[in-house]
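Below is one structure; the comments refer to it alone.
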Amino acid sequence: MLLKKNIPIRYVFGKIKYEILFVTIYGLTIEVIYQNFHITNISIPMTVPTVLGTIISLLLAFRSNQAYDRWWEARIIWGAIVNDSRTLARQVLFLMDDPYQPENIEAFKHRFINRQIAWCYALGHGLRKDDPMPAVQNFISKDESDDLDGYDNKHVGLMQLHARDLNNALKQGWVNPYQQIQIDSTITRLCDAMGKCERIKNTVFPATYSLYIHIALHFFIILLPFGLVDLFGFLMVPVLIVLTACFFLIEKMAIHLQDPFENKPTDTPVLSISRNIERDLKQMMHDKQVPLAYAPERFYIL
């Protein structure tokens with residue numbers, strides 16, 4: 000997750016430094032051959048790279064839009080997770096009641112809400128292919144931790160525990176059937192969000208599409224110096240660097256945005272969002288003095 004809005008130039012061009020180095024050496028080589036050996040027939044009409052560059056620009060624009068749509072959808076889903084987590088905590092706190100067992104019902108509420116916090120961390124770590132248990136164990140009991148051993152996806156197991164406890168609450172009379180339906184609807188929305196995140200994570204951006212654009216981009220860069228050398232002379236190299244840097248940066252941006260759960264600086268900050276959910280839910284339980292149990296996000300300070 001990036002912390003600063005103003006991204007330094009060194010960070011931006013650090014992503015394409017090897018490409019720029021190659022283009023600089025390549026451009027200088029073409030320029031030296033053209034000027035010193037007077038091989039003027041290597042130049043080509045500027046129309047050729049112009050047409051190819053226009054086509055590549057359209058393809059890169061389409062790819063960037065598709066990549067941004069994936070990133071934005073991931074952010075919308077996690078915004079819904081924030082809202083539904085707060086809703087679930089509010090429903091558990093104020094819809095469940097038992098005047099004859101106040102201690103049991105309070106323990107039940109705290110266990111349920113803490114498990115929801117654990118679910119957020121488990122989903123975030125699961126999407127990043129990390130082990131979620133170090134984070135999850137801060138919020139669940141030993142018995143619940145043992146129950147999760149049979150699940151590859153710990154967030155799925157936590158939802159099963161939610162459903163089991165909700166069913167037990169209905170049997171105990173802590174909620175009536177109408178309240179149980181409302182709480183179950185919120186859990187269902189959380190399950191839908193979980194599935195949507197997994198769909199984005201497991202749907203790979205078409206590799207052939209990326210490969211063809213990459214090949215076409217390099218072919219364009221190979222041709223470009225031969226079109227510029229007649230027009231700019233010794234200024235050809237800096238012009239070449241600027242033009243190719245723009246194309247490479249757009250391509251890199253699309254590559255980074257297309258996978259919003261890969262633990263990169265441009266990712267959706269799922270663990271920071273989970274930390275905010277933890278704070279809000281603990282405050283709803285009146286645990287304002289309890290420090291946050293888990294501070295997981297890797298921030299990229301630029």
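Take 0 as the starting number for the sequence shown in numbering that gives the first Met the number 0 and just add one per residue. Glycine included, every Cβ here is placed at the ideal spot set by N, Cα and C.
Check, Outcome
"Beta-carbon contacts of Met158 that lie in its chain and below 8 Å, excluding the five residues immediately before and after", "Trp118, Ile186, Leu189, Cys190 and Met193"
"Neighbourhood of Ile104 by C-beta distance below 8 Å, restricted to the same chain and skipping five residues each side", "Met95, Asp96, Asp97 and Trp173"
"The region 247-257 in contact with the region 54-73 per 3-pair CB rule at 8 Å", "yes"
"Gln282 classed as buried or exposed, judged by whether at least 16 other C-beta atoms fall within 10 angstroms", "exposed"
"Same chain, Cβ closer than 6 Å to Phe231, neighbours up to 5 away in sequence not counted", "Val238"
"Where Trp173 falls: helix, strand or coil (DSSP)", "coil"
"Of the listed residues Tyr211, Pro224 and Met235, nearest to Ser42 (C-alpha basis)", "Pro224"
"Rounded distance between the beta-carbons of Ala88 and Leu222, thought under 8 Å", "Their Cβ separation, rounded to whole angstroms, is 60 Å, which puts Leu222 and Ala88 out of contact at 8 Å."
"At least 3 beta-carbon pairs within less than 8 Å: the region 21-28 vs the region 193-205", "no"
"Cut-off 7 Å between Cβ atoms - residues of its own chain near Ile276, not counting five sequence neighbours on either side", "Val81, Ser84, Ile116 and Cys119"
"Residue range of the unbroken alpha helix (DSSP H) whose run includes Asp146", "Lys141 to Asp146"
"Selected residue, minimal CA-CA separation from Val91, among Asp164, Gly226 and Tyr211", "Asp164"
"Asp130 versus Ile199, Arg278 and Asp151, residue with shortest Cα-Cα distance", "Asp151"
"Nearest-angstrom Cα separation, counted from Pro133 out to Lys263", "21 Å"
"Separation of Ala60 from Asn137, as counted between CA atoms", "44 Å"
"Three-state secondary structure assigned by DSSP to Tyr150", "coil"
"Cβ-Cβ distance between Phe227 and Met235 below 8 Å", "The amino acid at residue 227 is misidentified as Phe; the sequence shows Leu. Against a cut-off of 8 Å, the Cβ pair of Met235 and Leu227 comes out as a contact."
"Residue range of the alpha helix (DSSP H) that includes Gln282", "Val269 to Met283"
"Residue from Gln171, Ser271, Asn35 and Arg278 whose Cα sits closest to the Cα of Gly123", "Ser271"
"Proximity below 8 Å, CB of Lys251 to CB of Ile15", "yes"
"Asn175 versus Leu169: straight-line alpha-carbon distance, rounded", "6 Å"
"First and last residue of the uninterrupted alpha helix (DSSP H) at Phe225", "Ala206 to Phe231"
"For Met45, three-class secondary structure by DSSP", "coil"
"Cut-off 8 Å between Cβ atoms - residues of its own chain near Phe12, not counting five sequence neighbours on either side", "Ile19 and Ala244"
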